[in-house]
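S.K.: Residue numbers (the working numbering): 9 to 116. The beta carbon of each residue, even a glycine, is placed where N, CA and C say it ideally should be. The structure is given below, and queries will be raised subsequently.
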């Protein structure tokens, strides 16, 4: 572990190495769904912090079905849109000062 490798990190094929590309794929899907779902709740409720309705929505749409539904289907069922990177990319493109200002307002 550690140090330079003759192979690019994302090309490690062995799942037992904890560096397999399938792990990265899962992390990207999870991060993308967080931003996608967060954007949906912001448009639906405006306020995220201390909003009890969001917990109820998450419970019914994500936690209650568990593994009985496909992940992408659950995201689309809740948000009304197929999973996309649009919300994540929009946040990444937002200037840092504006992003920090909007995040502060969410907590006031």
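Return the CA-CA distance between residue 114 and residue 59, expressed in angstroms with no decimal places.
M.R.: In the chain shown, residue 114 corresponds to position 106, counting from 1. In the chain shown, residue 59 corresponds to position 51, counting from 1. Approximately 11 Å between the Cα atoms of the pair.
S.K.: Along the chain, which unbroken stretches of the alpha helix (DSSP H) at least 4 residues long are found entirely within the region 83-111?
M.R.: Counting only runs of 4 or more, we get 94-101.
S.K.: At which residues does the alpha helix (DSSP H) containing residue 74 begin and terminate?
M.R.: Residue 74 sits at position 66 when you count from the first residue of the chain shown. No alpha helix (DSSP H) holds residue 74; DSSP gives it neither H nor E.
S.K.: Take the Cβ of residue 33 as the centre, count every other Cβ of all protein chains shown within 10 Å, and call the residue buried at 16 or more, exposed below.
M.R.: Counted from its first residue, the chain shown places residue 33 at position 25. Answer is exposed; the Cβ neighbour count stays below 16.
S.K.: Assuming residue 99 and residue 43 form a contact by the criterion Cβ under 8 Å, report the distance between their Cβ atoms to the nearest whole angstrom.
M.R.: Taking the first residue of the chain shown as position 1, residue 99 is located at position 91. Taking the first residue of the chain shown as position 1, residue 43 is located at position 35. Right, the Cβ-Cβ distance comes to about 6 Å (below 8 Å), so this counts as a contact.
S.K.: From residue 87 to residue 104, what does the alpha carbon distance come to, in whole angstroms?
M.R.: For the purposes of this step, residue 87 is identified with residue 79 of the chain shown, where counting begins at 1. For the purposes of this step, residue 104 is identified with residue 96 of the chain shown, where counting begins at 1. Computed Cα separation, rounded: 27 Å.
S.K.: In the structure shown, what three-state DSSP assignment does residue 155 receive?
M.R.: Residue 155 lies beyond the range of the chain shown here (9 to 116); nothing can be said about it.
S.K.: Look up residue 116 in the DSSP assignment and say whether it is helix, strand or coil.
M.R.: Reading the chain shown from its first residue, position 108 is the one you call residue 116. Coil at residue 116, not helix or strand.
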